[in-house]
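Asker: Just so we're aligned: the sequence shown equals residues 1 to 723 in UniProt numbering.
Here you go, one structure.
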Amino acid sequence: MDQVPIITWTQKLVLYETKSRYYVVGSNKSESRFRVLKIDRTEPKELHIHDDKIEYSRSEIHSVLSMVDGGNTFKKQSNNSSGLSKNISAFGIAGFVRFLEGYYMILITKRKKAAMIGPHTIYKIEDTSMVYIPNDTVRYVHPDESRYVKIFQNFDLSSNFYFSYSYDLTHTCLFVSQLQLRPHSHMFVCLTSTAVTALTHVCLSHICSYDLTHTYTTVFGVKNAPCRKFVWNNHLLRGFESHVHSDWVLYIIHGFIGQSNVCVFGKSVYLTLIGRRSNQFAGTRFLKRGVNLEGYVANEIETEQIVQDTSVTFLDRGKVSSFVQLRGSVPLFWSQDTSKIVPKPTISLDQRDPYSSAAGMHFNQLLCRYGTPIIILNLVKTKENKQHESILSNDYISTIEYLNQFLPAQHKIQYLGFDMARVNKRKDADVMLRLNRIAKYCIKQTGYFLNVQPSQAQYLLKDSQLQSLKGVWGPTGCRQAGVVRTNCVDCLDRTNTAQFALGRCALAYQLYAMGVLENPHLDFDTDCMKMLEELYEDHGDTVALQYGGSQLVHRIKGYRKIAPWTSHSRDIMQTLSRYYSNAFSDVEKQQAFNLFLGVFLPVEGQPNLWDLPTDYYLHNKASLGIRTPRNHYCQWWDQDVWTSLPLPNEEVNKCQLNHAAVLMAPQADEHVNPFYDHYRPEELTLFDQLYQMYLSQVCWKHMPKNATDLSPFCVRHSTDTER
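In structure tokens:
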């Protein structure tokens, strides 16, 4: 039986208000199916939500609202006032939050299409509304509440936050595409007693009340539990997610999503870049460095490059490929002293870790999510007249050597050091050429994810160009095993250029396997490379603003040594902007991070967030004496992670460990019909308003006006003028 992702169909919300309750009415796109959420407004501090988990028709929901309206209508002087009033229209609930008074509800009021992955639409949050729940008669007033609200609202939810009603943005395309339920063992392997408990907990374990003996096709809808590390509204969902139907729950990621259309003579190939920022040890540049006691590193971002042939709508029936790489701070206990006003504060190692416990926990996390090999691409300087960055490189190498002595040869962490800044200073040196060699080696070690039809997979398996890749091949293509982890000091400028080089090499193999290229090689100065470079530049600018307070200082063109001289003045301005942001606004930003993510929880009678001298203890629970699991000094990995290698444990045990919900329904049901969700047959759609039409127009902007060769892989001369 076919397996498809469960689609959240409550995509239109209306908030109705009475004096004693809020009523959130959620509906599908065609407004033919409805759900109702009731929120008590008479409780000053607690959150009381009631979800009857009943689906209503249009006539039934009108009856319910009329009944509520009639029961709350009252006379005020001589005017009749309705007891039920429409308050806000929205597209989803981000969650609920409380400081020192009552709860607030966060509603997504504006959204914009950011990308299409197969039939799945990815939305960017454009605006939100923060609704205070208790009514005025029971409101408890606290003098510090307004300051907490201001700090919380400093964390702008309209800035690079994304969600989808049908696609799991917290996991990789490989994870999402793998078989989710395994047949031939009782009903399914995943339906153990633990799994059934989890399904019931999420309130979607029921079987639909359709007549399954009818001739129409039934399918299994599956919804995986998200990777909590990348869910940025985790704290907002506490006390809400477990009490309501999963149709109300949206998982929001933070980072970057960009998409381009590589139009190959009229055939569209979508190139998508997703940057998932970790919510662990999150913060700003100088206030969050290195690793914490739980093994989480600062500025950790998982970057996924997805290529899909759009001639087939559904991912499992067409050609789709992805390559995953990672960036993150050097996993040591280090920091920089910002008390002195200098451009480059001194780097200091704050704490010795002789058994590399924190680094071991970090690499254990990588083994669990990505498998082996783990390839470290360290771009930190190694030789300096005055030691600054090199102090990190020396300790990093020692840490890797310590951890590797307990691993067999086939699973050892691979370390690649490249002093990118030093090489770039040489006039005759070609940084991009060196990076290209490193990238080709890395891609051959990890492979990439490729899903094609079985007949095509058998053909590709015999291809001499692809036989050198060490990914895990199967009947429908290849699976990536392992990951490249890139870092410099800030994991911004140099890291972004190196990740572009890796992405360029991977893209060549991806397009070659899809039959778009004759050989796995892409030249610079082609339309395709300009698209890829633009995506990585936008990705780099976005994450640099989030972490460093300014856009990229050193760009890809600078390392290619083709940047115009005017770019130097721009680089100086970005350096000053980053310095100003770090010196004057980082503390306020960090407070917003800590409050939004629930790292700090306001409690009446205890110190306020702005009174804390440091947030070190908030991000390092073990330093408070709280017991945390600690691995053996020699066996620093988890045993279940070890048994899965070289494949990641998260994928191998996906069926047993990771289901949030299972649903059996007719193929035409909105819960499991991506065709209906994608094409929206009940609406009249103008071609000019289609996202696909917008992408088709964008793909021409990189092509010169006087071009005679329309191939996106044709090298353009510098004299050609772009559109």
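For glycine and all other residues, C-beta sits at the position ideal for the given N, C-alpha and C.
May I ask you to report which of helix, strand or coil DSSP gives residue 729?
Answerer: The question about residue 729 has no answer, for the chain in this structure spans 1 to 723.
Asker: Tell me whether the beta-carbon of V68 lies closer than 8 Å to the beta-carbon of Y56.
Answerer: Within the sequence shown, numbered from 1, the residue matching residue 68 stands at position 68. Within the sequence shown, numbered from 1, the residue matching residue 56 stands at position 56. Going by C-beta atoms, V68 is not nearer than 8 Å to Y56.
Asker: Determine which residues share a DSSP beta bridge with D40 and list them.
Answerer: Here residue 40 refers to the residue found at position 40 when the sequence shown is read from its first residue. Paired residues: R21.
Asker: Straight-line CA distance for H671 to Q453?
Answerer: To locate residue 671, count along the sequence shown from 1; it is residue 671. To locate residue 453, count along the sequence shown from 1; it is residue 453. About 26 Å.
Asker: Tell me whether H48 sits in a helix, a strand or coil according to DSSP, three-state version.
Answerer: As a working mapping, residue 48 is identified with position 48 in the sequence shown. H48: coil per DSSP, three-state reduction.
Asker: Would Q480 and T526 qualify as a contact pair, given that the criterion is a beta-carbon distance under 8 Å?
Answerer: Counting from one through the sequence shown, the residue named residue 480 turns up at place 480. Counting from one through the sequence shown, the residue named residue 526 turns up at place 526. Not closer than 8 Å, so no.
Asker: Exposed or buried, S356, counting other C-beta atoms within 10 Å across all chains shown (16 or more means buried)?
Answerer: To locate residue 356, count along the sequence shown from 1; it is residue 356. S356 should be labelled buried.
Asker: Quick one: what does DSSP say V312 is sitting in, helix, strand or coil?
Answerer: Within the sequence shown, the letter at position 312 stands for residue 312. Here V312 sits in coil by DSSP.
Asker: Would you grab the beta carbon distance between E145 and F99 for me? Rounded to a whole angstrom, and I think it's under 8 Å.
Answerer: In the sequence shown, the residue the question calls residue 145 occupies position 145. In the sequence shown, the residue the question calls residue 99 occupies position 99. With 8 Å as the limit, E145 and F99 qualify as a contact, their Cβ atoms being about 6 Å apart.
Asker: For the segment 426-490, which segments carrying the beta strand (DSSP E) assignment without a break, of at least 3 residues, lie completely within its bounds, in sequence order?
Answerer: Listed in chain order, the complete beta strand (DSSP E) runs (minimum 3 residues) inside the segment 426-490 are 449-451, 472-474, 477-479, 483-487.
Asker: Using only the alpha-carbon positions, how far apart do H362 and G295 sit?
Answerer: In the sequence shown, the residue the question calls residue 362 occupies position 362. In the sequence shown, the residue the question calls residue 295 occupies position 295. Their backbone Cα atoms lie some 4 Å apart in a straight line.
Asker: Under three-state DSSP, which class holds Y510?
Answerer: As a first step, residue 510 must be located in the sequence shown, where it is residue number 510. For the record, residue 510 in the displayed sequence is Gln; it is not Tyr. Q510 falls in the helix class under three-state DSSP.
Asker: Identify, in the order they occur along the chain, each residue of the same chain with its Cβ nearer than 6 Å to the Cβ of Q692, setting aside the five sequence neighbours on each side.
Answerer: Working through the sequence shown from its first residue, we reach residue 692 at position 692. There are no such residues.
Asker: At 3 residues or longer, and completely inside the segment 337-404: list those beta strand (DSSP E) runs for me, N to C.
Answerer: If we require 3 residues or more, the beta strand (DSSP E) runs fully inside the segment 337-404 come out as 347-349, 374-378.
Asker: Can the beta-carbon of F175 be found closer than 8 Å to that of E651?
Answerer: In the sequence shown, the residue the question calls residue 175 occupies position 175. In the sequence shown, the residue the question calls residue 651 occupies position 651. Their beta carbons are under 8 Å apart, which means F175 touches E651 by this criterion.
Asker: What separation, rounded to the nearest whole angstrom, lies between the Cα atoms of M187 and S177?
Answerer: Working through the sequence shown from its first residue, we reach residue 187 at position 187. Working through the sequence shown from its first residue, we reach residue 177 at position 177. Confidence is the limiting factor: at M187 the pLDDT is only 31, short of 50, which leaves the residue's position unreliable and the question unanswerable from this model.
Asker: Per DSSP, which one or two residues make a beta bridge with D69?
Answerer: Position 69 of the sequence shown, counted from the start, is the residue given in the question as residue 69. Answer is none; D69 lacks a bridge partner.
Asker: In chain order, what residues of the same chain lie with their CB nearer than 7 Å to the CB of A506, ignoring the 5 residues before and after it?
Answerer: For the purposes of this step, residue 506 is taken as the residue at position 506 of the sequence shown. Result list for A506: Q305, F323, I443, Y448, in chain order.
Asker: Using DSSP with H/G/I as helix, E/B as strand and the rest coil, what is residue 792?
Answerer: Residue numbering for the chain in the displayed model covers 1 to 723; residue 792 lies beyond these limits and cannot be assessed.
Asker: Return helix, strand or coil for W334, following the three-state DSSP convention.
Answerer: Residue 334 sits at position 334 when you count from the first residue of the sequence shown. The answer is strand: DSSP assigns W334 an E or B state.
Asker: Could you tell me which residues DSSP pairs with T526 in its beta bridges?
Answerer: The sequence position of residue 526 within the sequence shown is 526, counting from 1. BP columns for T526 point to V715.
Asker: Exposed or buried, what is L13 when buried is set at 16 or more other beta-carbons lying within 10 Å of its beta-carbon?
Answerer: Stepping through the sequence shown from its first residue, residue 13 is reached at position 13. L13 comes out buried.
Asker: Sort K654, D490, L595 by Cα distance to H554 and report the nearest one.
Answerer: Start at 1 with the first residue of the sequence shown, and residue 554 comes out as number 554. Residue D490 is the option with its Cα nearest to H554.
Asker: Check for me: the beta strand (DSSP E) holding Y132 runs from which residue to which?
Answerer: Residue 132 sits at position 132 when you count from the first residue of the sequence shown. Residues 120-132.
Asker: Using C-beta distances below 6 Å, list every residue in its chain close to A90, excluding the 5 sequence neighbours before and after it, in chain order.
Answerer: Within the sequence shown, the letter at position 90 stands for residue 90. The answer, listed in chain order, is L13, L107, I108, T109.
Asker: How many angstroms separate the CA atom of F163 from the CA atom of P5?
Answerer: Within the sequence shown, numbered from 1, the residue matching residue 163 stands at position 163. Within the sequence shown, numbered from 1, the residue matching residue 5 stands at position 5. Taking the straight line from one Cα to the other gives about 15 Å.
Asker: Could you give the distance in angstroms between the alpha-carbon of W637 and the alpha-carbon of Q499?
Answerer: Along the sequence shown, one-based indexing puts residue 637 at 637. Along the sequence shown, one-based indexing puts residue 499 at 499. Between W637 and Q499, the C-alpha separation is close to 27 Å.
Asker: Which value, in whole angstroms, describes the spacing of the CA atoms of T272 and K113?
Answerer: Position 272 of the sequence shown holds residue 272. Position 113 of the sequence shown holds residue 113. T272 and K113: Cα-Cα distance of roughly 13 Å.
Asker: For the segment 421-433 against the segment 390-410, do three or more pairs of beta-carbon atoms, one drawn from each stretch, fall closer than 8 Å, so that the two count as touching?
Answerer: Too few Cβ pairs lie closer than 8 Å, so no.
Asker: Would you kindly work out how many angstroms separate the C-alpha atoms of W473 and L502, rounded to a whole number?
Answerer: Locating residue 473 in the sequence shown gives position 473, counting from the first residue. Locating residue 502 in the sequence shown gives position 502, counting from the first residue. Going from the Cα of W473 to the Cα of L502 covers about 21 Å.
Asker: Which residues in the same chain as R680 place their Cβ atom closer than 7 Å to its Cβ, once the five residues preceding and following it in sequence are excluded?
Answerer: Sequence index remark: in the sequence shown, residue 680 carries index 680 (1-based). Correct list, in chain order: K29.
Asker: So, do the segment 698-716 and the segment 35-47 have three or more beta carbon pairs nearer to each other than 8 Å?
Answerer: Flag = no, the segment 698-716 and the segment 35-47 do not touch.
Asker: According to the neighbour-count rule (16 or more other Cβ atoms, all chains shown, within 10 Å of its Cβ), is F265 buried or exposed?
Answerer: Taking the first residue of the sequence shown as 1, we reach residue 265 at position 265. The residue in question, F265, is exposed, as its Cβ has fewer than 16 Cβ neighbours within 10 Å.
Asker: In three-state terms, what does DSSP make of E304?
Answerer: In the sequence shown, the residue the question calls residue 304 occupies position 304. Strand at E304.
Asker: Helix, strand or coil: which one does DSSP assign to residue 726?
Answerer: With the chain running from 1 to 723 in the structure shown, residue 726 is simply not present.
Asker: For K386, count the other beta carbons within 10 Å of its own beta carbon; 16 or more makes it buried, fewer makes it exposed. Which is it?
Answerer: The sequence position of residue 386 within the sequence shown is 386, counting from 1. K386 should be labelled exposed.
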